[in-house]
Structure formats: structure tokens, C-alpha cells
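Protein chains in written order, with our numbering: chain A, 2 to 187; chain B, 49 to 205.
Quick reminder that beta carbons are idealized off the backbone N, C-alpha and C, glycines included.
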């Protein structure tokens, strides 16, 4: 069993983070995960791969949605470098689906932005990710969206503890609750 | 051409409370639908938008590299038969054109096997071994959720 996000907190107040020199506001009650994007077929993420926040959106039925601008400025990847797999439609906006995987960076237990060094988990996205065009009729998501399908593609276990405002994400089987070493609700 | 509705039709429309009214020509038995102009315009716009969307999606589909498309089609053709073979070690399957390269526990190991065989990225397709309703080259629809857009950025949190 791999613990990807360990008691990752979400806040009841806004917060601001800096990404590639750009100030970005995180809204209250948003589950924020730090991610990287990379081409498929890569087993290990380069240590210097750019990291940026994404919203873990449990109402989103796709894998990962990112605007063209975010992909270029935050992930350092031009859309044309990723193979075209097909279209996808969001709010009547047609977007390209391109082949890439997303890596979630593991947090230090109970901390929001403190990441474990060299601890990232590869999410293999069956249908690739959606790239929201910069010239679309409506503005795209303010932050990239990590949808439920990405978790489903990778058979992950997501638990949200609203009492403690924390999120735990695991790969593999959850240990039995009687096994005290792995209990997370203590 | 402009035709005024009769008193009988007005009463019938009132009873329909905004819903379309079916009227019939007694001589030809041809049926017609009577709806409010603004509703008709909205339907026209929706139909036009759907047509344009299909056209734009079609443009994206046409740009998929031909060998990837060929591999996607082979995956989609074989998927129903392959589903019975799915297991924890066979979660993904790779295709190079019509040739099935193999199964894998992860997508990445299949990509690496393809590279080992000298195959290129724009020739192969690796797909998940599970039921699917939409072929991999066709448009998927993302729930139009209430995500916050860039335009909201100036609003107070």
C-alpha cells in the first residue's frame, strides 16, 4: 500500500501561493494537490519537473483538465509535444485530449504545501488529459482540475475527513481497521 | 409570410402553458407544431451550436495521427473479446496498428516495451482493459460543473 496524500489538510480560509512567479489564490474548502505533467511512457519523474497546484474535484467526471496557458507556463510543456488522442467537450467548448500522465506529489503528513522529496505517484490517464484552449469563448478553469476518473483509472482510494478537514489518498489495499500501525483516524 | 393565429388556436396555446401545440391541416392531414418564436429561435441556435460542435470535434478527430487512429480502432474492435482476459496483471493493452503488442499491469511498462521494439509514440495506442461506452478517438463530454473560471479571480474569496 502506498500513501500518496497523508492527512492533507484543506482550509476554511483563502491562501495565496506563487507558481512560476505568478501569485495564485486558493479558495477556501478546495482540496489542493501538487502535481506535475509529463509525457507517457516515463517511469520516473525528473526531480526538477515543474510542480503546480490542482484542485481535486470530486464533481468532475474526467481525468485532468488544464488550460493551454497553464500547461505552457506552469508545466513547461507545449501542447503540440503531446500526442493528440481525440476531442473532449466541457461547457460546450471543444478541447483536445492529449497523451500525458499526471504525477501527484506526496505531502508530509498533515501539511498542505510541504512535499516529501522525490515522492511522487504516477497517475496513468487512459484517455489522456484535456487542454482548454486559450482562445475559447469562455474562460477556462482558474486552476487545473484533477477529476475522479484519474483516481478510477489508477484504482486509488480517496478518503475525505470533513471533521478534520483532511484528505488521504492511497494506492493498493487499505489495511484492516484492526491493524493499529496503519490507522489514520487516531 | 405572416399569418395571424385564430382565437381557437390562441385558447389552445394558453391551455398548453408554453408547450408546443400540434395543429393539423384537415384537408391534407399534415401535422404542424406551433411554438413561440423565442423558443423556436432558441431551438435553432441549439441545433446550430450542436452542428458546429460536431464539426469542430470532427476537425480534432481528423488531426489524430493516422497510425494512432488505426491502433485505437484495433483496440476498440478487440476490446469486447479482451475484457474476459482482464486481471490485476492485465490492466492495459497496447496496439501497433492491428497488431496487439501485449498486456501490462501498467501503461508505462507497455510504452517501454513498445519503445524497446523500436515503435514510435505516434504509431501506438495503449488503452485500459475495461468496458467503455465511447471509442478512444471520439468526443467525451465532461460534466459542465461549476468550476471557478479565470474570470472569478478578481472576486473576493
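Query: Residue(s) in a DSSP beta bridge with residue 182 of chain B; Result: Looking at the DSSP assignment, residue 182 of chain B forms no beta bridge with any residue, so it has no partner.
Query: Member of A/84, A/11, A/96, A/60 whose CA lies at the smallest distance from the CA of residue 104 of chain B; Result: A/96
Query: DSSP state of residue 83 of chain A mapped onto helix, strand, coil; Result: coil
Query: Residue 182 of chain B burial status per 10 Å Cβ neighbour count (16 or more: buried); Result: exposed
Query: Residues bridged to residue 104 of chain A [DSSP beta-bridge criterion]; Result: A/37, A/123
Query: Which residues DSSP lists as bridging residue 148 of chain A, in chain order; Result: A/58
Query: Same chain, Cβ closer than 8 angstroms to residue 53 of chain A, neighbours up to 5 away in sequence not counted; Result: 20, 21, 35, 36, 37, 71, 75, 76, 145
Query: Chain B contact for residue 3 of chain A (CB, 8 angstroms cutoff); Result: no
Query: Nearest to residue 121 of chain A (by Cα), restricted to the options A/93, A/62, A/151, A/104; Result: A/104
Query: Test: residue 179 of chain B CB closer than 8 angstroms to a CB of chain A; Result: no
Query: Against chain B: residues of the stretch 86-115 of chain A by CB proximity under 7 angstroms; Result: 86, 87, 88, 89, 90, 91, 92, 93, 95, 97
Query: Spatial neighbours of residue 82 of chain A in its chain, beta-carbon cut-off 6 angstroms, leaving aside the 5 residues before and after; Result: none
Query: Buried or exposed by the 16-neighbour rule on C-beta atoms within 10 Å, applied to residue 68 of chain A; Result: buried
Query: Classification of residue 94 of chain B by the beta-carbon crowding that lies within 10 angstroms, buried from 16 upward; Result: exposed
Query: Presumed contact (8 angstroms Cβ cut-off) between residue 147 of chain A and residue 56 of chain A, rounded CB distance; Result: 7 angstroms
Query: Spatial distance of residue 8 of chain A from residue 189 of chain B (CA atoms); Result: 32 angstroms
Query: Selection from B/154, B/128, B/63, B/53 that minimises the alpha carbon distance to residue 136 of chain B; Result: B/154
Query: Short CB-CB distance (under 8 angstroms) between residue 92 of chain B and chain A; Result: no
Query: The alpha helix (DSSP H) enclosing residue 103 of chain B, as first and last residue numbers; Result: 85-110
Query: Rounded distance between the beta-carbons of residue 123 of chain B and residue 143 of chain B, thought under 8 angstroms; Result: 5 angstroms
Query: Inter-stretch contact (C-beta, 8 angstroms, three-pair minimum) for the stretch 43-51 of chain A and the stretch 59-68 of chain B; Result: no
Query: Contact residues within the stretch 57-89 of chain B, judged by C-beta distance below 9 angstroms to chain A; Result: none
Query: Residue 191 of chain B versus residue 161 of chain A: straight-line alpha-carbon distance, rounded; Result: 22 angstroms
Query: Residue 172 of chain A versus residue 123 of chain A - alpha carbon distance; Result: 11 angstroms
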